[in-house]
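Student: Have a look at this one.
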Amino acid sequence: MDRNIHIALNNMRNVSTELSVNAQNMANLNVPGYRADLSVTREAKFLEAFDQFRSRVFSQQSDGALFSSEQGGLQSTGETMDVAIRGDGYFYIAPTAGGDAALSRRGDFGLDADRFVIDGAGNRLLDTELEPIQLPDARRVVIEETGQIQLELQGLPEGTFVPGPIIATTVAEDTQLIKSVDGHIRPAAPGGLPEPDQRARLSQGFLENSNVNTITALVENIENQRQFEMSVKFISVAQELDEGTSQLMRLPNG
10 MDRNIHIALN NMRNVSTELS VNAQNMANLN VPGYRADLSV TREAKFLEAF
60 DQFRSRVFSQ QSDGALFSSE QGGLQSTGET MDVAIRGDGY FYIAPTAGGD
110 AALSRRGDFG LDADRFVIDG AGNRLLDTEL EPIQLPDARR VVIEETGQIQ
160 LELQGLPEGT FVPGPIIATT VAEDTQLIKS VDGHIRPAAP GGLPEPDQRA
210 RLSQGFLENS NVNTITALVE NIENQRQFEM SVKFISVAQE LDEGTSQLMR
260 LPNG
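Note that the numbering used here has the sequence shown beginning at 10, numbered continuously upward.
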């Protein structure tokens with residue numbers, strides 16, 4: 010009986026994690042460039058040494074979280090600091106909470122008090138030297154599709170632009186990416202981020218929507234809830250079988 014119950018409890022734990030993943034996706038439905046988390050990847054572990062007669066196996070969540078790379082829809086905003094990546098590619102960011110640099114699709118940029126370019130979560134945008142981008146006071150900012158920033162500075166004749174920093178981008182070709190524990194995108198293998206290749210194409214005045222599919226998330230929630238209920242019923246049935254077996258094995262009195 011205990012083995013049956015452990016199987017059911019392990020499944021309930023996994024289903025609970027799946028529900029959390031879906032809840033996370035739904036909570037980020039309106040976050041620009043958000044990449045939906047996929048079903049939790051798992052790996053098998055043995056509770057006892059494996060042999061041909063007996064083994065106790067359970068599944069556990071792996072360290073890396075996979076995500077959907079499908080592009081979200083592009084929305085025209087007309088805002089100077091809104092930038093979307095068309096097709097494959099990622100920005101480089103320095104997370105506001107600290108830690109190693111990461112990749113991102115979020116393009117709702119703005120300026121902080123020190124005129125560093127930050128996204129809507131406060132992460133600093135990085136240039137091709139992987140340094141935070143800081144812009145001087147300018148009348149106009151033009152961001153080319155290659156990531157080159159052109160500035161119409163105060164004091165210069167109108168229509169005169171000077172080149173500024175270049176927004177670092179990469180398509181991360183042949184690199185498996187996962188979401189780290191802090192939720193930021195990084196390579197699965199150790200060794201740091203891929204070098205900027207500037208192959209991504211940017212569109213100024215646009216934002217990429219989250220790629221979360223609401224209908225799919227709701228359907229998965231219903232399926233997971235049913236699996237959870239089945240596991241609860243499985244435990245109840247296992248208990249009844251155990252009680253029935255115990256009664257059959259009792260010696261008659263007298």
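Even for Gly, the Cβ is constructed at its ideal location relative to N, Cα and C.
Between Arg210 and Asp191, what straight-line distance do the alpha-carbon atoms span, to the nearest angstrom?
Tutor: Taking the sequence shown and counting its residues from 1, the one referred to as residue 210 is at position 201. Taking the sequence shown and counting its residues from 1, the one referred to as residue 191 is at position 182. C-alpha separation (whole angstroms): 27 Å.
Student: Report, in whole angstroms, the separation of the C-beta atoms of Pro205 and Tyr101, which I expect to be a contact under 8 Å.
Tutor: Locating residue 205 in the sequence shown gives position 196, counting from the first residue. Locating residue 101 in the sequence shown gives position 92, counting from the first residue. With 8 Å as the limit, Pro205 and Tyr101 qualify as a contact, their Cβ atoms being about 7 Å apart.
Student: For Phe62, does the three-state DSSP call read helix, strand or coil?
Tutor: By 1-based counting over the sequence shown, the position of residue 62 is 53. Any answer about Phe62 is weak, because its pLDDT of 48 lies below 50 and its placement is not dependable; what the coordinates show is given next. Coil at Phe62, not helix or strand.
Student: Candidates Pro145, Asp128, Gln207: which alpha carbon is nearest Val105's?
Tutor: In the sequence shown, residue 105 corresponds to position 96, counting from 1. Looking at the sequence shown, residue 105 is not Val but Thr. Checking every option, the nearest Cα to that of Thr105 belongs to Asp128.
Student: Going by beta carbon distance, what residues of the same chain come within less than 8 Å of Arg124, once the five residues before and after it are set aside?
Tutor: By 1-based counting over the sequence shown, the position of residue 124 is 115. Excluding positions up to five away in sequence, the list reads Gln143, Leu144, Pro145, Asp146.
Student: For Ala198, does the count of other Cβ atoms within 10 angstroms reach 16, so buried, or fall short, so exposed?
Tutor: Indexing the sequence shown from 1 puts residue 198 at position 189. The residue is exposed, with fewer than 16 neighbouring Cβ atoms inside 10 Å.
Student: Please classify Glu154 as buried or exposed, where buried requires at least 16 other C-beta atoms within 10 Å of its C-beta.
Tutor: Mapped onto the sequence shown, residue 154 falls at position 145. Residue burial is scored here from C-beta neighbours: Glu154 has fewer than 16 other C-beta atoms within 10 angstroms and is therefore classed as exposed.
Student: Around the C-beta of Ser64, are 16 or more other C-beta atoms found within 10 angstroms, so that it is buried, or is it exposed?
Tutor: Here residue 64 corresponds to residue number 55 of the sequence shown, with the count starting at 1. At Ser64 the pLDDT is 49, less than 50, meaning the model places this residue with poor confidence; the figure from the coordinates comes in the next sentence. Ser64 should be labelled exposed.
Student: Is Phe243 helix, strand or coil by DSSP?
Tutor: Within the sequence shown, numbered from 1, the residue matching residue 243 stands at position 234. The answer is helix: DSSP assigns Phe243 an H, G or I state.
Student: Residues in its own chain within less than 7 Å of Ser77 by CB, not counting five upstream and five downstream?
Tutor: Sequence index remark: in the sequence shown, residue 77 carries index 68 (1-based). Residues Arg44, Ala45, Leu47, Asn220 of the same chain have their beta carbon placed closer than 7 Å to that of Ser77, with the five preceding and five following residues left out of the count.
Student: Rounding to the nearest angstrom, what Cα-Cα distance links Asp97 and Val241 in this structure?
Tutor: Counted from its first residue, the sequence shown places residue 97 at position 88. Counted from its first residue, the sequence shown places residue 241 at position 232. Using only the alpha carbons, I get a separation of about 43 Å.
Student: List the DSSP bridge partners of Ala147.
Tutor: Counting from one through the sequence shown, the residue named residue 147 turns up at place 138. In the DSSP output, where bridge partners are listed per residue, Ala147 has Leu162.
Student: Go through the stretch 201-243 residue by residue and report every complete run of the beta strand (DSSP E) that reaches 3 residues or more, in order.
Tutor: As far as the stretch 201-243 is concerned, its whole beta strand (DSSP E) runs of at least 3 residues are 210-213, 215-217.
Student: Would Ala177 and Thr223 be called neighbours here (beta carbons separated by less than 7 Å)?
Tutor: Within the sequence shown, the letter at position 168 stands for residue 177. Within the sequence shown, the letter at position 214 stands for residue 223. Against a cut-off of 7 Å, the Cβ pair of Thr223 and Ala177 comes out as no contact.
Student: Taking the CB atoms as reference points, tell me whether Phe237 and Val24 lie closer together than 7 Å.
Tutor: As a first step, residue 237 must be located in the sequence shown, where it is residue number 228. As a first step, residue 24 must be located in the sequence shown, where it is residue number 15. The answer is yes: Cβ separation under 7 Å.
Student: Is the distance from the Cβ of Thr184 to the Cβ of Pro203 below 7 Å?
Tutor: Within the sequence shown, residue 184 is the residue found at index 175, counting from 1. Within the sequence shown, residue 203 is the residue found at index 194, counting from 1. Contact: yes.
Student: Is it buried or exposed, Asn31, if we count other Cβ atoms within 10 angstroms and call 16 or more buried?
Tutor: For the purposes of this step, residue 31 is taken as the residue at position 22 of the sequence shown. Buried: at least 16 other Cβ atoms inside 10 Å.
Student: For Pro196, which option in Asp109, Val92, Ile94, Met21 has the closest C-alpha, if you only look at C-alpha atoms?
Tutor: Numbered from 1 along the sequence shown, position 187 holds the residue referred to as residue 196. If we check each option's Cα against that of Pro196, Asp109 comes out closest.
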